[in-house]
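All residue numbers for the sequence shown refer to full-length UniProt numbering, where the first residue is 1 and numbers rise by one.
Glycine is no exception: its CB is placed at the ideal position from the N, C-alpha and C atoms.
This report concerns only the one structure given below.
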Amino acid sequence: MLTRIPERYLVPLYRVEDVRRREQASFAQEGESYAMMHRAGEALYRHILHHNASLKHLSVVVGGGNNGGDGLVVAALAAQDGIEVTVYDCSSKPRTGDAEYAEKVAFGYDTIQITRNIEALNQDPGQVVVDGLLGIGFHPPISEDLANAIAAINQKRAQGAWVVSVDCPSGLDVETGRGALLVEADLVVTFIADKLGHYLLDGAVACHQIVMESLQAVDLLNRPTAYFLTPAVLENYPPCLRLPNSHKGTYGHVTVLGGDLGFGGAAIMASEAAAKSGVGTVTLMTQSRHLSASLMRNPNVMCVSPEDIGLGDTLRSSESVLVIGPGLGRTEWSERNWQAFLATEGPAVVDADALYWLGVYGQPMGRPAVLTPHPGEAARLLQCSTADILEDLVGSAQQIATRFQSVVILKGATSVVVNQNGDVVILGQPCPALAKGGSGDVLSGMVGACLAYYHEPFEAAVIAAAWHNMAANKASLVIGQISMQPYQLLDYLE
Ligand SMILES: NC(=O)C1=CN([C@@H]2O[C@H](COP(=O)(O)OP(=O)(O)OC[C@H]3O[C@@H](n4cnc5c(N)ncnc54)[C@H](OP(=O)(O)O)[C@@H]3O)[C@@H](O)[C@H]2O)[C@@H](O)CC1
Ligand SMILES: Nc1ncnc2c1ncn2[C@@H]1O[C@H](COP(=O)(O)OP(=O)(O)O)[C@@H](O)[C@H]1O
Ligand SMILES: [K+]
Numbered sequence: 001m002l003t004r005i006p007e008r009y010l011v012p013l014y015r016v017e018d019v020r021r022r023e024q025a026s027f028a029q030e031g032e033s034y035a036m037m038h039r040a041g042e043a044l045y046r047h048i049l050h051h052n053a054s055l056k057h058l059s060v061v062v063g064g065g066n067n068g069g070d071g072l073v074v075a076a077l078a079a080q081d082g083i084e085v086t087v088y089d090c091s092s093k094p095r096t097g098d099a100e101y102a103e104k105v106a107f108g109y110d111t112i113q114i115t116r117n118i119e120a121l122n123q124d125p126g127q128v129v130v131d132g133l134l135g136i137g138f139h140p141p142i143s144e145d146l147a148n149a150i151a152a153i154n155q156k157r158a159q160g161a162w163v164v165s166v167d168c169p170s171g172l173d174v175e176t177g178r179g180a181l182l183v184e185a186d187l188v189v190t191f192i193a194d195k196l197g198h199y200l201l202d203g204a205v206a207c208h209q210i211v212m213e214s215l216q217a218v219d220l221l222n223r224p225t226a227y228f229l230t231p232a233v234l235e236n237y238p239p240c241l242r243l244p245n246s247h248k249g250t251y252g253h254v255t256v257l258g259g260d261l262g263f264g265g266a267a268i269m270a271s272e273a274a275a276k277s278g279v280g281t282v283t284l285m286t287q288s289r290h291l292s293a294s295l296m297r298n299p300n301v302m303c304v305s306p307e308d309i310g311l312g313d314t315l316r317s318s319e320s321v322l323v324i325g326p327g328l329g330r331t332e333w334s335e336r337n338w339q340a341f342l343a344t345e346g347p348a349v350v351d352a353d354a355l356y357w358l359g360v361y362g363q364p365m366g367r368p369a370v371l372t373p374h375p376g377e378a379a380r381l382l383q384c385s386t387a388d389i390l391e392d393l394v395g396s397a398q399q400i401a402t403r404f405q406s407v408v409i410l411k412g413a414t415s416v417v418v419n420q421n422g423d424v425v426i427l428g429q430p431c432p433a434l435a436k437g438g439s440g441d442v443l444s445g446m447v448g449a450c451l452a453y454y455h456e457p458f459e460a461a462v463i464a465a466a467w468h469n470m471a472a473n474k475a476s477l478v479i480g481q482i483s484m485q486p487y488q489l490l491d492y493l494e
């Protein structure tokens, strides 16, 4: 899929319907379903012991479905080993099927304490909590009882307990990644396949570590909905690989066009980002009053105003990359520059206000291109609400890619990168230091640089967005989440 990135760095992610289909096929092949629940409990218990070698007491919080059933299998396995177990039973009606059987086995151990009083979790001597309230059967909105149970688990964690979630953090919608109130999990042991929602929005924040246990499920070999990019891959894919026997022409040319009155910094940061990502030569085209600021800050960046030189003349070859949008604005000047852009050819990165003009003009890109909308910009491009975008990040990004015939980076705490073929890569770890104006401008310059070096827009977009996130996480550890400025991440690109 990604021409150069080996599949071992890509975690396949699936939607719930694929997981259910695989589950059902496995039950049919095995002729029963409880065996799989038992394997789920065994796998969980193994991970709990791995992280907590001297486990003495286990608190198991369970709901009424099969997710709770898995939790009850763990409770029984721990009791068998002589570990003190308290089960907090939050079911609202009698269990059925496999969960009922798991309950019968667990409740057969008279050493297991059973209570329906979730408030008591606070005083529980155990420092390891199993979250088996809700799995993939959760459908929002959450009931008050279960909301209280989730809050109790989170409170226990805030006091130092280690929380493992069964299959997914309770309260998470594993399709969308949304969760108004959800468990924050130190570890998620997920079953049969990795789920999309663990890597998006609230899910990406709530899951500190995820391991997948396939439970010997039938392999249906269907195409994953998306892949998560593991950051380790970046060791082999720098923004550009410096070769000893190279010259500036080896690393291409980027022109950044933007910076209307009041927004000069955006274009300056984008050009600085391109330069610091290793591009051979960078040109900034901006309002003439911003030129001296750029020269003072980055004398290596050539800078001109579009009133002095035509855009086509700054593009050094058909391979020159044009980054349009940072601080471009929505004035007559902006529109004139957008029109000048339309008259050029060659690879492009379309960001910020250029996405506004793209929406107004509405035509497909007609050139190799990467669009970098945040959810608000994506909503404008698709003429829907931001809430609609958040309901389906992957589908929204794909719609934009199809409509405008381009690669799309839909930005967020984790970002979704798609191409016109339906390939989807999710990447990044939440980094609140980036939640500041300027972060997107830095990204657009980096994408321009990677496009100049890697040429293939999907690959360039993935590598640039992943480096942007990883460097920001590194920088924020040193500088701090509050004071780190977006351009400072550029000093952490190697
Ligand atoms: N052998 C097997 O079957 C295997 C199963 N596996 C495991 O099963 C899990 C899926 O189990 P599941 O389908 O039973 O759904 P689950 O996530 O427990 O939720 C349903 C329960 O939650 C309740 N509920 C839902 N929404 C609610 C709300 N808003 N507010 C309040 N309550 C709400 C719902 O109540 P109801 O809607 O029926 O009133 C019902 O009681 C999966 O994640 C994995 O852990 C795997 O180990 C593989 C083997
Ligand atoms: N909490 C966060 N965690 C990780 N990345 C973030 C977070 N908030 C913002 N970002 C990243 O910062 C950038 C913000 O871009 P954008 O919203 O266009 O900002 P601006 O145009 O103001 O610079 C995106 O790359 C996004 O992925
Ligand atoms: K759970």
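Per DSSP, Val279 has no beta-bridge partner at all. In the displayed model, Cys240 falls within coil according to three-state DSSP, outside both helix and strand.
Rounded to the nearest whole angstrom, the C-alpha separation of Glu184 and Lys156 is 11 Å. In the structure shown, the three-state DSSP call for Val360 is helix.
Put simply, the backbone Cα of Lys474 is about 7 Å away from that of Tyr492.
With distances taken between CA atoms, Pro224 lies nearest to Val394 out of Val394, Gly41, Glu459, Ile463. With fewer than three CB-CB distances shorter than 8 Å, the stretch 90-108 does not count as touching the stretch 195-210.
For Ser165, the Cβ falls inside the 8 Å cut-off from some heavy atom of ligand 3. Remark: the shortest separation between the CB of Cys450 and any heavy atom of ligand 2 does not fall under 8 Å. Apart from sequence neighbours up to five positions away, the residues of its chain that approach Val164 with a beta-carbon distance below 8 Å are Leu44, His47, Ile48, His51, Val128, Val129, Val130, Asp131, Ala185, Asp186, Leu187, Val188, Val189, ordered along the chain. Pairing Ile479 with Gln363, the inter-Cα distance amounts to about 42 Å.
As a beta-bridge residue in DSSP terms, Asp173 pairs with Arg178. By the Cβ criterion, the stretch 244-257 is in contact with the stretch 452-469, since at least three pairs of Cβ atoms, one from each stretch, lie closer than 8 Å. Within the DSSP secondary-structure output, Glu84 pairs in a beta bridge with His57.
Looking at the DSSP output, Lys195 sits in a beta bridge with Tyr14.
Per DSSP, Gly132 is one residue of the beta strand (DSSP E) stretching across 128-132. Rounded to whole angstroms, the Cβ separation of Cys303 and Thr286 is 7 Å, and the two are in contact under 8 Å. For Asn67, the distance from the CB to the nearest heavy atom of ligand 1 is below 8 Å. Per DSSP, reduced to three states, the secondary structure at Val447 is helical. Classified as buried, Thr314 has 16 or more neighbouring CB atoms from the shown chains inside 10 Å of its CB.
Partner residues in the beta bridge of Tyr227, as assigned by DSSP, are Pro12, Val425. Counted as a single uninterrupted DSSP element, the alpha helix (DSSP H) harbouring Ala466 occupies residues 457-479. Where Leu489 is concerned, there is no enclosing beta strand (DSSP E), because DSSP gives it neither an H nor an E.
With contacts defined by Cβ atoms closer than 9 Å, Leu410 and Val442 do not form a contacting pair. With a contact defined as Cβ atoms closer than 8 Å, Glu459 and Arg95 miss out at about 49 Å. The stretch 294-302 makes no contact with the stretch 462-469: fewer than 3 CB pairs, one atom from each, lie closer than 8 Å. In the displayed model, Ile309 falls within coil according to three-state DSSP, outside both helix and strand. If you draw a straight line from the Cα of Asp167 to the Cα of Gly327, it is about 43 Å long. Straight through space, the alpha carbons of Ala149 and Thr115 are spaced by roughly 13 Å.
Unbroken beta strand (DSSP E) stretches of 3 residues or longer found wholly inside the stretch 348-393: 348-350, 369-371, given in chain order. In terms of Cβ geometry, Ser406 and Met446 do not form a close pair [threshold 9 Å]. Contact between Gly346 and Leu322 holds, with the beta-carbon distance rounding to 6 Å and staying under 8 Å.
Here the C-alpha atom of Ala40 lies approximately 9 Å from the C-alpha atom of Ser214. Rounded to whole angstroms, the Cβ separation of Leu134 and Val61 is 10 Å, and the two are not in contact under 8 Å.
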